[in-house]
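Engineer: Quick one: structure below, then a few questions.
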Amino acid sequence: CPPCKIFTPKLSKAYKKMKAERDDFELVFISSDRDEETFKEYFGEMTFCALPYSLRETKAELSNKFEVKGIPKLIIVGPVGDDGDRPLINENVRSFIEEETFD
88 CPPCKIFTPK LSKAYKKMKA ERDDFELVFI SSDRDEETFK EYFGEMTFCA
138 LPYSLRETKA ELSNKFEVKG IPKLIIVGPV GDDGDRPLIN ENVRSFIEEE
188 TFD
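In terms of our numbering, the sequence shown opens at residue 88 and continues consecutively.
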């Protein structure tokens, strides 16, 4: 999607800068691409990890759980709790990344 193509390079810069400052987090890309070839091409531009494209059921479960209605969507979840779940910390990190400079 065009908004994703604009957002991803900035997100990659932000990720590299934040990882240089602290290493106690990870960014995981979850693709909404329509096919694996498109996913592989797009993922090649990223500096962070991704949920394997083949895990479409997991992708659907996460999209449902975190109410993904549009892309790109960037959220922060916390560490695994006693219940085995990760709490949602922030559901609108995208706006922060878009507004900041990470050069």
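Glycine is no exception: its CB is placed at the ideal position from the N, C-alpha and C atoms.
1. Hey, could you find the ends of the beta strand (DSSP E) Leu142 is sitting in?
2. Look up Asn151 in the DSSP assignment and say whether it is helix, strand or coil.
3. Should the stretch 99-110 be called in touch with the stretch 131-147, which here means at least 3 C-beta pairs below 8 Å?
4. Taking the beta carbon of Phe126 as the centre, do at least 16 other beta carbons fall within 10 Å, making it buried, or is it exposed?
5. Distance, Cα to Cα, Phe183 vs Ile93?
6. Give every residue of the same chain whose Cβ lies closer than 8 Å to the Cβ of Ile117, excluding the five residues on either side of it in the sequence, and list them in chain order.
7. Closest to Leu142 by C-alpha separation, out of Lys103, Asp122, Asp111, would be which residue?
8. Taking only three categories from DSSP, how would you classify Val167?
Structural biologist: With the structure as the only source:
1. Neither: Leu142 is in no beta strand (DSSP E) and is coded neither H nor E.
2. Correct three-state label for Asn151: helix.
3. Touching, yes.
4. Flag for Phe126 reads buried.
5. If you draw a straight line from the Cα of Phe183 to the Cα of Ile93, it comes to about 15 Å.
6. Counting only Cβ-Cβ distances below 8 Å, and skipping sequence neighbours, we find Ala137, Leu138, Lys146, Leu149, Ser150.
7. Of the listed residues, the one whose Cα sits closest to Leu142 is Asp122.
8. Here Val167 sits in coil by DSSP.
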